[in-house]
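Student: Below is a structure I'd like to ask you about.
4 protein chains.
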Amino acid sequence: MPLQVAVCGPRHCTEDDKSHAYEVGILLAQAGAIVICGGGTGVMAAVAAGVRAGNGLVIGVRPGNTAADASPDLSAVIVTNLGEARNAIIVWSADAVIAIGGSWGTLSEIALAKRRGDVPVITLGSWIILDRDGNPLPESVTVASSPRQAVDLALAVRQVRHQETI
Amino acid sequence: MPLQVAVCGPRHCTEDDKSHAYEVGILLAQAGAIVICGGGTGVMAAVAAGVRAGNGLVIGVRPGNTAADASPDLSAVIVTNLGEARNAIIVWSADAVIAIGGSWGTLSEIALAKRRGDVPVITLGSWIILDRDGNPLPESVTVASSPRQAVDLALAVRQVRHQETI
Amino acid sequence: MPLQVAVCGPRHCTEDDKSHAYEVGILLAQAGAIVICGGGTGVMAAVAAGVRAGNGLVIGVRPGNTAADASPDLSAVIVTNLGEARNAIIVWSADAVIAIGGSWGTLSEIALAKRRGDVPVITLGSWIILDRDGNPLPESVTVASSPRQAVDLALAVRQVRHQETI
Amino acid sequence: MPLQVAVCGPRHCTEDDKSHAYEVGILLAQAGAIVICGGGTGVMAAVAAGVRAGNGLVIGVRPGNTAADASPDLSAVIVTNLGEARNAIIVWSADAVIAIGGSWGTLSEIALAKRRGDVPVITLGSWIILDRDGNPLPESVTVASSPRQAVDLALAVRQVRHQETI
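Chains A, B, C and D, in that order, give the protein sequences.
Start counting the first sequence at 4; every next residue gets the next number (the working numbering).
Start counting the second sequence at 4; every next residue gets the next number (the working numbering).
Start counting the third sequence at 4; every next residue gets the next number (the working numbering).
Start counting the fourth sequence at 4; every next residue gets the next number (the working numbering).
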């Protein structure tokens, strides 16, 4: 089974977020990874467009009860009708999580992925989380500085898996 | 976006159910439909194998918290960690639902699909539902007698959709 | 912890269903059981009213994203925003399930409860489920003929539990 | 219907978090509010014990498939079998959210509550969230400095509601 990478990010995002998401989508598709995203607008639409441009497979996991508002670049649509609880599904379906840009929904996906615990979480231009005293958390997310670095960090999971099976 | 058809059925099924599911999978793949299934064993594995044989796209929606026990013939795996509540997702993601064989899980998918209401539900060798007086329900499922008929009834949704957009 | 009994049933139901649900609610409250229901109209509202009349505790598990449309007789409201996937929660929260009246949503709750397997399912005027050959299922639901009998069958779980702890 | 307040916090927490949660539980119970919590150990158990001491109603929303590991101080248990997706239910069931202490699960509840948007989110000794440039977010959570202040901020929702109905 190919690697599955979740790419999370806001509906309302910056132009930088969009171009980052598009590039992440192309790179993941070229690496043969399947992309799981929220299937909406903003970062979600940009990563779907990137995956399509890279001839990859991208699945959108929608919160509502219809596929009518899903990004047209998706390969398939999962209609959950679960509202924001669908964020947990995106996170649990992933071998690695990349969060691009900041929003409350995106933060919930980062937090759920860290709560799950056994999956790398990479951020690119996302929000910063500190402990109650304002100090960095000892085991937090990995901050990437470029789409290429974010994708490389996500794909590094493969190496870990390969070693586990030897 | 291609048509998405859910194919539901038991883990523990008859040999007839398995061969029906396999044939339904091939026929849906050949028709260009995406198949959504539970991603496990029995009918779920057989339809996935059929879709793969037909070079189609099949997505498994798993109830547990890992893809480790998913059918190897799936194109992608959605790991919901929602238990049997995942049955609602399979049903909501579909333009048509085909149920092959009988089990309580399968019956819950039939019932959820009828509850949703705007999607055809076709059964092939599944359980029979009667009203409290033992009479047939006025608006119940459509009973198919062969994989080909089940697929044709599911694909008929396309025609409906085409007419709606004219 | 007191026994928790789920009482399921349609929004649109008969007058008999309503009076049955009301009586079931009173009897469960008087027996000290907590009632879990869907929190809406029809059977759901009638059982909530019965529990309130019996000075019991009744929790409504709503499918939408607001408590605004919940029955006024509920002790507390769980707002799931999960759509019909909330039916699984009602079923998993129960030590016994009583289904009054017939509908696709109610059938999904019966099926999910039987799929779970370790909980008695009692029906009162609900739909009838047969295998693919039209024969009764070997291990199906227990059909009650009165509210009193339905409640007695549900409360019998206590005896089982008591024996398990000896 | 009484006000429903969610109290969120980690399984593994500080002694301060526990005593804060216990006091918040007592105060909410004395004010007549229903408390919704995760129903487990740590902050969840402490708030449940506080509500019980204050003769209030507290409902635990569990992630697993059994009530066996639920806090004994709960008035009722909702068994979701949804894993961490249950965090969304806690948040959607609340008129106000109080987060005590810091963890990834708690952060997911804060984020989901802010994503919902129409509910006040109050933190007491929880994690700090900054935007991508390290600046405070313009519309973030309200930081309380004591259990009493946290409860007063949560109960202030009543005033808003009262004004809305005039």
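Ideal placement from N, C-alpha and C gives every residue a C-beta, glycine not left out.
#1: Work out the CA separation of C:ALA116 and C:ARG94 for me, nearest whole Å.
#2: Pop quiz: D:VAL100 and D:ILE125 are said to be a contact at Cβ under 8 Å. What is the actual Cβ separation, rounded to whole angstroms?
#3: Applying a beta-carbon distance threshold of less than 9 Å, which residues of chain A neighbour D:LEU156?
#4: Determine the extent of the beta strand (DSSP E) in which A:GLY2 is found, giving its start and end residues.
#5: List the whole-angstrom C-beta distance separating D:GLY41 from D:VAL64, where the pair is believed to meet the contact cut-off of C-beta under 8 Å.
#6: With three or more beta-carbon pairs closer than 8 Å as the criterion, would you say the region 12–23 of chain C touches the region 118–133 of chain C?
#7: Skipping 5 residues on each side, what residues in its chain have a beta carbon closer than 6 Å to that of B:LEU158?
#8: Does the distance from the CB of A:ALA88 to the CB of C:ASN90 come in under 9 Å?
#9: What's the gap between the Cα of C:VAL154 and the Cα of C:THR109?
#10: Can you give, in chain order, each stretch of the beta strand (DSSP E) that sits fully within the region 64–108 of chain A and has at least 3 residues?
#11: Please say whether B:GLY45 and B:ILE29 have beta carbons closer to each other than 9 Å?
#12: Quickly, what does DSSP pair B:LEU127 with across the bridge? List them, please.
#13: In whole angstroms, what is the alpha-carbon distance linking B:VAL38 and C:ILE39?
#14: By the criterion of Cβ-Cβ separation under 8 Å, what are the contact partners of C:GLN7 in chain D?
#15: Quick one: which residues of the region 83–107 of chain B get their C-beta closer than 7 Å to a C-beta of chain D? List them in chain order.
#16: In three-state terms, what does DSSP make of B:LEU133?
#17: Would B:ASN68 and B:VAL82 qualify as a contact pair, given that the criterion is a beta-carbon distance under 9 Å?
#18: In chain A, which residues lie with their C-beta within 9 Å of the C-beta of B:LEU60?
#19: Under a CB-based cut-off of 9 Å, is C:GLY120 close to chain B?
#20: In whole angstroms, give me the CA-to-CA distance for C:THR106 and C:ASP98.
#21: Quick check: is the beta carbon of B:PRO75 nearer than 9 Å to any beta carbon in chain A?
#22: What three-state label does DSSP hand B:PRO13 in the structure shown?
#23: In the DSSP output, what is C:THR145 paired with across the bridge?
#24: Report all residues from its chain with a CB closer than 7 Å to the CB of C:VAL146; omit the five preceding and five following residues, and keep chain order.
#25: Would you mind reading off the limits of the alpha helix (DSSP H) that contains C:LEU140?
#26: Name, please, each residue of chain C whose Cβ falls closer than 8 Å to the Cβ of D:MET4.
#27: Where B:LEU31 and B:GLY104 are concerned, what is the direct C-alpha to C-alpha distance, given to the nearest angstrom?
#28: For C:ILE39, list the residues DSSP reports as bridge partners.
#29: Just the Cα atoms here: how many angstroms apart are A:SER149 and B:PRO75?
#30: How many whole angstroms separate the CB atoms of D:ALA36 and D:VAL8, which I take to be in contact at a CB cut-off of 8 Å?
#31: Using the Cα positions of B:VAL27 and B:ALA102, report the straight-line distance between them to the nearest angstrom.
#32: Kindly list, in the order they appear in chain B, the residues whose Cβ is closer than 7 Å to that of A:ILE37.
#33: Give, in chain order, every residue of the region 108–138 of chain D whose Cβ lies closer than 7 Å to some Cβ of chain A.
#34: If you run the structure through DSSP and keep just helix, strand and coil, what is B:ALA120?
#35: At a Cβ threshold of 9 Å, is A:VAL64 touching chain B?
#36: Applying the 10 Å Cβ sphere with the 16-neighbour rule, what's the burial state of D:ALA71?
Tutor: From the atom records:
#1: The sequence shown places Val at residue 94 of chain C, not Arg. Going by the C-alpha atoms only, they are around 6 Å apart.
#2: 7 Å
#3: Going along chain A, no residue has its Cβ under 9 Å from D:LEU156, so there is no contact; the nearest lies around 18 Å.
#4: Since the first residue shown for chain A is 4 and the last is 169, residue 2 of chain A is missing from the structure and cannot be characterised.
#5: 6 Å
#6: yes
#7: ALA34
#8: no
#9: 18 Å
#10: 79–82, 99–103
#11: no
#12: B:ILE103
#13: 35 Å
#14: ALA70, ALA79, VAL80
#15: ASN84, LEU85, GLY86, ALA88
#16: strand
#17: yes
#18: LEU60, SER78, ALA79
#19: yes
#20: The identity of residue 106 of chain C in the sequence shown is Ser, whereas the question assumes Thr. Approximately 22 Å, taken between the alpha carbons.
#21: yes
#22: coil
#23: C:ILE125
#24: THR126
#25: Careful: C:LEU140 lies outside any alpha helix (DSSP H) and carries neither H nor E.
#26: ALA70, ALA73, PRO75, LEU77, VAL80
#27: 18 Å
#28: C:ALA9, C:ILE62
#29: 34 Å
#30: 5 Å
#31: 11 Å
#32: ALA79
#33: GLY108, LEU110, SER111, ALA114, LEU115, LYS117, ARG118, GLY128, SER129, TRP130, ILE131, ILE132, LEU133, ASP134, ARG135, GLY137
#34: According to the sequence provided, residue 120 of chain B is Gly. The question's Ala does not apply to it. In the structure shown, B:GLY120 sits in coil (DSSP, three-state: anything other than H, G, I, E or B).
#35: yes
#36: exposed
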